[in-house]
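Colleague: Chains as they are written, first to last, in the numbering used here: chain S, 26 to 138; chain F, 204 to 312.
Got a structure for you, questions after.
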């Protein structure tokens, strides 16, 4: 069964460093999303991406964050100059069409020390 | 901004019991999603519905658009159903999901 895959599963980084979280969405999906979940809190929307551009972003998604689809399969989230409060589980999701079911990856646990 | 509220926050049941988890939201939506999150953190989509009722195995999801309310039912609950169940509202088609806090379900044998 097709699935969304995320790498790495866990990343530890020093404060101030840049990290890139990687996602491979389901191959025939057109819409891509990043969400994050700080430990003990609810899942929060970061950004949605369609047709090689951001279609919507939340107030959390400031200049520290960027997304890219560098090739036909990967979808990445870059976090520049990481802060302690960026520690969270980051989920990638994809959907085939607008308004169809979203499939989630297993998440990348980011720990900033 | 949509507010999504779930109840209860925690639920403990005995194996075999019928489970109901409730979700309410504050503004009109195009779809309501029910998701399951296991202890490892991974999220699995259970249902996406915009009206009526959907059933998959022992799971049933209903939505009342007028009352802005949805319920997830689990019949004949089993310890393997233990997980966090999350509802999420999609305000316009293809847009962001706004998540509830989640309901931690524990089913004891």
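All residues carry an ideal CB built from backbone N, CA and C; glycine is no exception.
What are the boundary residues of the beta strand (DSSP E) that includes residue 139 of chain S?
Modeller: Coverage of chain S is limited to positions 26 through 138, which leaves residue 139 of chain S absent and any answer about it impossible.
Colleague: Inspect the CB distances between the segment 98 to 110 of chain S and the segment 47 to 62 of chain S and report whether three or more fall short of 8 angstroms.
Modeller: yes
Colleague: What are the start and end residues of the beta strand (DSSP E) that includes residue 40 of chain S?
Modeller: Taken as a continuous stretch (DSSP letters only), residue 40 of chain S belongs to no beta strand (DSSP E), as it is neither H nor E.
Colleague: What's the C-alpha gap between residue 132 of chain S and residue 68 of chain S?
Modeller: 12 angstroms
Colleague: Check whether the segment 227 to 244 of chain F touches the segment 280 to 297 of chain F, taking contact to mean three or more Cβ pairs, one atom from each stretch, closer than 8 angstroms.
Modeller: They touch, by the three-pair rule.
Colleague: Does residue 222 of chain F have its Cβ less than 7 angstroms from a Cβ in chain S?
Modeller: no
Colleague: Taking Cβ positions, are residue 208 of chain F and residue 281 of chain F nearer each other than 7 angstroms?
Modeller: Against a cut-off of 7 angstroms, the Cβ pair of residue 281 of chain F and residue 208 of chain F comes out as no contact.
Colleague: Tell me, please, whether the CB atom of residue 65 of chain S is closer than 7 angstroms to any CB atom in chain F?
Modeller: For residue 65 of chain S, not one C-beta of chain F is nearer than 7 angstroms to its own C-beta.
Colleague: Strictly below 8 angstroms CB to CB, what residues from chain F border residue 81 of chain S?
Modeller: The answer, in chain order, is 298, 299.
Colleague: Could you list which residues in chain S have their beta carbon closer than 9 angstroms to that of residue 304 of chain F, in chain order?
Modeller: 66, 67
Colleague: Starting from the beta carbon of residue 245 of chain F, find every residue of chain S whose beta carbon is closer than 9 angstroms, and list them in chain order.
Modeller: Chain S residues near residue 245 of chain F: 116, 129, 130, 131, 132.
Colleague: Ignore the nearest five residues each way along the sequence and tell me which others in residue 43 of chain S's own chain have a CB closer than 6 angstroms to its CB.
Modeller: 105
Colleague: Which residue or residues does DSSP assign as beta-bridge partners of residue 216 of chain F?
Modeller: Per the DSSP secondary-structure output, residue 216 of chain F pairs in a beta bridge with F:310.
Colleague: Between the Cα of residue 95 of chain S and those of S:117, S:53, S:49, S:134, spot the shortest distance and give me the residue it belongs to.
Modeller: S:49
Colleague: Under 9 angstroms Cβ-Cβ, which residues of chain S neighbour residue 289 of chain F?
Modeller: Those within 9 angstroms of residue 289 of chain F in chain S are 67, 68.
Colleague: With contact counted as at least three CB pairs below 8 angstroms, one residue from each stretch, are the segment 258 to 274 of chain F and the segment 219 to 228 of chain F in contact?
Modeller: yes
Colleague: Is it buried or exposed for residue 40 of chain S, if we count other Cβ within 10 angstroms and need 16 for buried?
Modeller: exposed
Colleague: Does the Cβ-Cβ distance between residue 205 of chain F and residue 301 of chain F come in under 7 angstroms?
Modeller: yes
Colleague: Taking the beta strand (DSSP E) that residue 292 of chain F falls in, what are its first and last residues?
Modeller: 286 to 293
Colleague: Mind reading off the beta-carbon distance from residue 306 of chain F to residue 212 of chain F? Whole number of angstroms is fine, and I expect it under 8 angstroms.
Modeller: 6 angstroms
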